[in-house]
Amino acid sequence: MDTFTNLLYACRTGDLETVAILLDTPNLNVNKTDEWDYSPLILASICGHYEVVELLLQRGAICDRDSFEGERCIYGALNYKIRDLLLSYDFSKKVDINQPFASHITGIFTNNKFINKDLVIRCADKTYFVNRFLLAARSPKMMYQLNNEWHDQSETQSDYDSKSFDILLDYIYLRTDRLTLERIKGAADIAQYFELTDLEAAVSRVVDTWDEKSKSKAIHDNSFMLIEKSRVDMSNFLEKVIDSRVSVPLEFDEDVDYEDIEPLNYLTNNLKSQLFISDCIPDIILSIVDISSESIVYYPCHKSMLIRSEYFETMFNSEIFAGQNKVPIKEYDGFDILDRTIFKASELPVISVTCTDSRVAELVLSYLYHDNVDYIPLSLTVDLLYLSDELLVERLKSLCAVNITSKFKDFSFGEMTELKETTGYDVFELVRISWATRCDKLEHFTSKLIATNLETIFHNPELSSKLHDLIEESAGRIEHRQATDTIELVDDIRYYLSKKYGVSTALLEDFVPIGPSFTGVFAEDTKLRKDSLLMYSRDLEMIDTMLETLDLDA
Amino acid sequence: MLPPGSRTSKIKPPRKSITNSSLTNTQAFDFNKSWDVLSSAIVQIQNKNVSNLSYEQLYRKAYTLVLHKFGNRLYENVEELIETHLLRRRTKLLSIFSQSSSASFVNVDEEFIKNVLSEWNEHLQAMKFISDVLMYLNRVYIKEQNRLLIYDLGIKLYKDCIIKYNDNEVGTRIINILINEIQKNRNGEIISTKMYITNIIGMFELLHEDNTQNDLSVFENYYQKYFEPVFLSTSNDYFNNLIEKFLNYGSGLKYLIETNQFLSDEIDRIDLYLPESTVPKLIDLMNNTLIKSQLDNIINFPSDSLQSWIQPIKDNIILGEPTDSGIPIDNDSLNYLKILYSFNSRIDSSCELLKVRLKDIIIKEGKQFPSLIKNLLNSGELGERKKPISPNSPAFANKWIGSILLYKAQFSKIVKDAFDHDYSMEQCIISAIQEFINLNAKSKKNNNDFSLLIVNPSELLSVCMDNHIKQYLKPNSIAGSRDKGITSNDASFSSIDEFINKSLQFLRFIVDKDTFEAYYKNHFAKRFLNAKGFNQDGSTGIDIEDFVISKLSEELGTTSLDTIIKMNMDIKSSRGVTSEWKNFLVENKDKSIIDMDLKICNISYWPNSMTKDYKKLSGKQMNPDSSTTFIWPRRIKHTIQRFESFWTIDKKNSNKSLYWCPKFGSMDLKITYPSKTFEINLPTYAGVVLLLFGPSYSLDSDSEVNSEDFNPFKDKKKLTYKEIEELTGIPEVELKRHLQSIAVASRSRLLTKTPMSKDVNDNDIFELNEKFKSPSTKVKVLTVSASSSTNTAGGDGRLRKSRDEELEDIESSIAEGRKHEINAATVRILKSRQSIYHNELVTEIIRQLQGRFLPNNSQIKRHLEDLIEKEYLKRDDNNRNLYHYIA
């Protein structure tokens, strides 16, 4: 079964946990429908699973009353509570999966906190301040101009009027909400001139409209297509960035701490110039130490893209950074831009991140440049998780967690062993990693894995001792622990045990079969339940034994 | 960590330790190595030396420390470091005071707060940098442990280590300096520290007090906890001193102006440097101290206050030449009233105090109008009258009503310009005006101030309207009257309309509408009966009486004007009868009949005062008790008889009886004096007297006499008063009055009297005045008015009595009317309620009748007793306060 089918099934049954996990699957379109035109939201709504409906809506499921699916959702809602919830999310609150990316690109245009623009374009009646690298990324024609006539200018004239140029900038900076039907029609010439095939397509899509419905469809399609194309462009542009990287081998006579390597010291002026003049038009160099190849890798990057990480954003806005990395500035009409005509390679700032593998660095760049991290090798996942945490990129962290959890679903002992082989870390180490990175998803996954295999672990001295240490450490996570405080790990394990044996903790205490009425089929059922209860109690005893030896009470 | 099979790198990867059991590793990790780097960076930041710091490096140090669970230690070390730094800075800040003796600072205080501020700004800047560097600590450790963010920690430490350290030492100094500067500014000094004050207060507001209570919603800051209370209490002291200072000026006006100026200055000041949350508190404080405690005092100030601004209005109106716009109250007073109003509305949106005081003053002022007007008119400035003017004369009425309307207009202007169009103020003023206008009878007895002239508004309005209507009815030649009250001589429609509107406006002030109706009725009747012939409509072609009645009906309702409407119908039907009668005469060619206009009134509608003696006066019925039965001249008697038979033709009026009233009406006589022949119009009584002197005339003679046969002037007929009285049978009072008209009044001295004196005595001899002259051939004899003869020589009390009788009649008819209305209302109420308690009943009666008049309790009680007697209602057997309706 594929993910979407699983999602539909979970929505039917109301399995909130599964739905939550599945929704984290990369590139999953939550608004898709199956062969009977059911969407996950419709199913959850019809079957009356309030929490599931809520979760779906929060994660971008669209309920638009004007559409067939939306109407089906609302009229099929099992109860008023769900219906009201759907209405409250109706249309206006719909979430576009492209939105974070698009709004970031738009934000580049409006950002004035640190200087990011490096070109002035003057039209007859309006002046524009733009980012060279974005123009280069979006249009080969502009890339050409940037490398030729515009190369030695900080200010250039355009033959186009501001009407066309406004549209061009809305296109580049993805201000799709401003691209109304009327305006986009005026873009035909400029789109052709700069060889913007998707903008041309958008124009023709608009021209072909004849009624309200097709118009609104055209607008919607345009917005979607233009953003998609932009992502593809940025992805291609990032390829260029990565291709332009330079690598400097390191020669050490003795062991050296990673922290003690200062990448700045290994970049020769020649190499720096090489990065500086690359097609990528960088304004910053990102460096990492690749341990396996014992070399430092330098990428010609762009502050405007890196600031999708809050770490970089704070850094670039901080006066400590700005004071250290002075760049030539020129003022036009009261607006400061980076003056590339006198910008020297030596002035290009070099920064580094804690990353030991260039592949991991490139994954992070992929996320920052175009939001698209298709494939994360399991062996790199933990490194990526750490790096995302250091750079404060929450979403990438959860992508990492899902990358692990979605690949191990059986919770068998075999999988537990496999985990170490593929990720390089065993389940106990992963628990610690989840604590260090505050990755709940991973923490729950690992606890469940331990709970499910508790018997095996308990009887294996090595594993048992590791669990032992882990429980002790979990207890130590609460400062000044009181006797009544619980140990989170133990609680989690107990919880997953109860799930495993299908017992509710509340029922446990007073489960007594009620006399003669429990016969026949019921008796059979009761026996099954009794068995699982027995096994559950036995597993719980194991935990208690461990706690006793640790002299902990929880 | 490394993929299996890769060659061993010489680079030791980071973080590896974390994934193993960390208990042992934590100790192995060298905290101090990282902390040394961070702490020296923080010190550099605090010394504003960031040029050689690496953001990445510092971030990574902090990151690694947090990752290795040193968050708490890092946090506490940072706290300690900042603390030490700030305590050092504090000592430096305070050192300025110890050096001050030697230092060259002009102003130590100013320098001090300047330094505090610059320290604050530098500290904030440093904290921003530190916070940026420790972002991972903020995000991870602090968030999990729910501690103060680094930046906020910096602010808290600034508060604890600089401002509040050592028992709030620095803070107290700053507060004292600030308060001192603000006081200086209040005293009008120009201070150079305004900018610092604003900034310091901004700083105080950022210093949040530790929230000791669990209530998270209350976050007090340093400003609120320390500065504001001191500020408010010193302000309070300041305001109290200010009150004393302002009061010492000994002028309400001065207090008002000074305070107003201070208020607006103070608001400018607080806008400048105080946060919005304090503004209402300070305004409250100012309102309470400067205004609330003093307002009544100011309003009642002996000089230069409310009374002194209001008084000129009245004086100006009385003395000035009243116009529609009036003499405006001067702009200064208007402005003062405006301030006063704004003061009162600051502390009480409904301005009750001002209303009470204003009302008192208006009533006090308004009461003086009648006597002032009387004095004015008597002083002869306006009129040429030699005689004292009576308070019910048209001149007085015009002036009084006109003045009051002007007075009201002035107050409307005040409400508009000074009282912010406050409708409730206007209501208050109207009720004050109403109160002094209706001051009359009720308070007459209680009012000990005999200097006050009490007037009856209903009567005066009626007099005024009567006067105006008469002016309108006069032929145009009379134009040029001196009365300029509210009347106008331009009898155009718009002027009538304006006059009526003004009258109605005044009528609305009158509480006892029924009294006005009674007076109006009386005047209406007199106008009709005393007029020569029928009043011809003026140039506008509308019947003014009709017009006024319709306007009054709109105001008072047709039911209450019922009798007047019926009287008006009598007039119309009289007009009809007259023309029918004249047609009849033309057909019959009867020359013995005297030309006659008829005024036939239905006795039950017309005022009792005029009709009471109708039978006696008609001369038709011989009254044995009376010596004074009127004797009609024979020719007139003939005409009367002919008319009576005409009137009863076809039995159309068989159900009515007709009486003739010589008291009213007039005659036209043509008399040939030696000088000239005159056409003379004179009252019936006077005419009858004059006929005695007529050519070959005997009252008993039936024969036709040719006037040419006999010249009365040769005859020199002489008659004594007694003889005239016997020959005519005119009552003494009337006769003497008319004899005065035709024998004493200089313009119409048709007879001579011997001796020549003003008063008429029994033995006076009358004869035709041979020397009578008049500029025109047409002469109208005006009857000497009852009122003016009242004042003559004071000897004759009977004329006065006649006027008093008339007034008594009016009063009694009002009382009668009220009795009916009270009874009707009582029965109406009981019929619907069946049972009702006394108090409730009285309230309800008053409510129902207040549009007409204000019944008093004793009246109501009396009528209730009547109704109980007549068995319309009865008292409850057990509860004497409860009434039941008897069906």
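Which chain is which? The protein sequence lines are A and B, in order. Take the first sequence: its position 129, counting from 1, is numbered 129 in the numbering used here, and each next residue is one higher. Take the second sequence: its position 71, counting from 1, is numbered 1071 in the numbering used here, and each next residue is one higher. Ideal Cβ placement from N, Cα and C applies to all residues, glycine included.
{"query": "Return helix, strand or coil for Thr1289 (chain B), following the three-state DSSP convention.", "result": "helix"}
{"query": "Can you check which of these residues, B:Arg1346, B:Asp1332 and B:Ser1403, is closest to Glu1365 (chain B) by C-alpha distance?", "result": "B:Ser1403"}
{"query": "For Phe1436 (chain B), I'd like the list of residues in its chain whose CB is within less than 6 Å of its CB, leaving aside the five on either flank, ordered along the chain.", "result": "Ile1363, Gly1366 and Lys1367"}
{"query": "For a quick check, are the C-beta atoms of Leu135 (chain A) and Ile172 (chain A) less than 8 Å apart?", "result": "yes"}
{"query": "Classify Thr197 (chain A): buried if its beta carbon has 16 or more other beta carbons within 10 angstroms, exposed otherwise.", "result": "exposed"}
{"query": "Do you know offhand how far Leu181 (chain A)'s Cα is from Ala188 (chain A)'s?", "result": "12 Å"}
{"query": "How many Å lie between Phe109 (chain A) and Phe335 (chain A) at the Cα?", "result": "13 Å"}
{"query": "If you count every other CB in all the chains shown that lies within 10 Å of the CB of Tyr75 (chain A), and 16 or more means buried, which is it?", "result": "exposed"}
{"query": "Taking the DSSP output, what are the residues bridged to Ser1592 (chain B)?", "result": "In DSSP, Ser1592 (chain B) forms no bridge with anything."}
{"query": "DSSP three-state call for Val120 (chain A): helix, strand or coil?", "result": "strand"}
{"query": "Classify Tyr375 (chain A) as buried or exposed, calling it buried when 16 or more other Cβ atoms lie within 10 Å of its own Cβ.", "result": "exposed"}
{"query": "Cβ of Asp118 (chain A) within 8 Å of Cβ of Ile342 (chain A)?", "result": "no"}
{"query": "For Ala451 (chain A) versus Ile493 (chain A), is the C-beta spacing smaller than 8 Å?", "result": "yes"}
{"query": "Any idea if Asp1265 (chain B) is buried or exposed, counting beta-carbon neighbours within 10 angstroms, 16 or more meaning buried?", "result": "exposed"}
{"query": "For the alpha helix (DSSP H) that contains Ile493 (chain A), what are its first and last residues?", "result": "Glu488 to Lys500"}
{"query": "At 7 Å on the CB atoms, spell out the chain B contacts of Thr354 (chain A), in chain order.", "result": "Pro1014 and Arg1060"}
{"query": "To the nearest angstrom, report how far apart Pro1663 (chain B) and Met1569 (chain B) are at their CA atoms.", "result": "Checking the displayed sequence, the identity of residue 1663 (chain B) turns out to be Lys instead of Pro. Distance between the alpha carbons of Lys1663 (chain B) and Met1569 (chain B) is about 22 Å."}
{"query": "Tell me whether the stretch 366 to 384 of chain A and the stretch 262 to 271 of chain A touch, counting them as touching only if at least three CB pairs, one residue from each stretch, are closer than 8 Å.", "result": "no"}
{"query": "For Phe1031 (chain B), which three-state DSSP category applies?", "result": "helix"}
{"query": "Starting from the beta carbon of Leu392 (chain A), find every residue of chain B whose beta carbon is closer than 8 Å, and list them in chain order.", "result": "Met1135, Tyr1136 and Arg1139"}
{"query": "Just to make sure I have the definition right: I need the residues of chain B whose C-beta is within less than 8 Å of the C-beta of Val289 (chain A). Which are they?", "result": "Ile1011"}
{"query": "On the three-pair Cβ rule with 8 Å, is the stretch 300 to 312 of chain A touching the stretch 392 to 399 of chain A?", "result": "yes"}
{"query": "Can you give the beta carbon distance from Leu146 (chain A) to Ile227 (chain A), rounded, assuming they're within the 8 Å contact cut?", "result": "At roughly 23 Å, the Cβ-Cβ gap does not stay under 8 Å, so Leu146 (chain A) and Ile227 (chain A) are not in contact."}
{"query": "Between the Cα of Cys1601 (chain B) and the Cα atoms of B:Lys1861, B:Lys1526 and B:Ile1571, which residue gives the shortest distance?", "result": "B:Ile1571"}
{"query": "Quick one: complete alpha helix (DSSP H) runs, 4+ long, within the stretch 334 to 413 of chain A?", "result": "358 to 370, 378 to 390 and 394 to 405"}
{"query": "Answer yes or no: do Lys1010 (chain B) and Glu294 (chain A) have a C-beta to C-beta separation smaller than 8 Å?", "result": "yes"}
{"query": "Starting from the Cα of Cys73 (chain A), find the closest Cα among A:Leu43, A:Ala202 and A:Ser247 and give me that residue.", "result": "A:Leu43"}
{"query": "Determine the direct distance from the alpha carbon of Val53 (chain A) to that of Ser45 (chain A), and round the result to whole angstroms.", "result": "6 Å"}
{"query": "At the 8 Å Cβ level, is Glu362 (chain A) part of the contact set with chain B, yes or no?", "result": "no"}
{"query": "Alpha carbon to alpha carbon, what distance is there between Val130 (chain A) and Ser162 (chain A)?", "result": "14 Å"}
{"query": "Compute the distance between the beta-carbons of Lys1502 (chain B) and Ile1564 (chain B), then report whether it is under 8 Å.", "result": "no"}
{"query": "Quick one: which chain A residues come within Cβ less than 8 Å of Leu1153 (chain B)?", "result": "What Leu1153 (chain B) touches in chain A: nothing, since even the nearest Cβ is about 18 Å away."}
{"query": "Helix or strand or just coil, what does DSSP make of Ile284 (chain A)?", "result": "strand"}
{"query": "For Asn1094 (chain B) and Gly1171 (chain B), I'd like the C-alpha separation in whole angstroms.", "result": "Looking at the sequence shown, residue 1094 (chain B) is not Asn but Leu. If you take the alpha carbons of Leu1094 (chain B) and Gly1171 (chain B), they lie about 11 Å apart."}
{"query": "Taking only beta-carbon atoms, is Asp551 (chain A) less than 8 Å away from chain B?", "result": "no"}
{"query": "Just to confirm, are Leu1285 (chain B) and Phe1239 (chain B) a CB contact at a threshold of 8 Å?", "result": "yes"}
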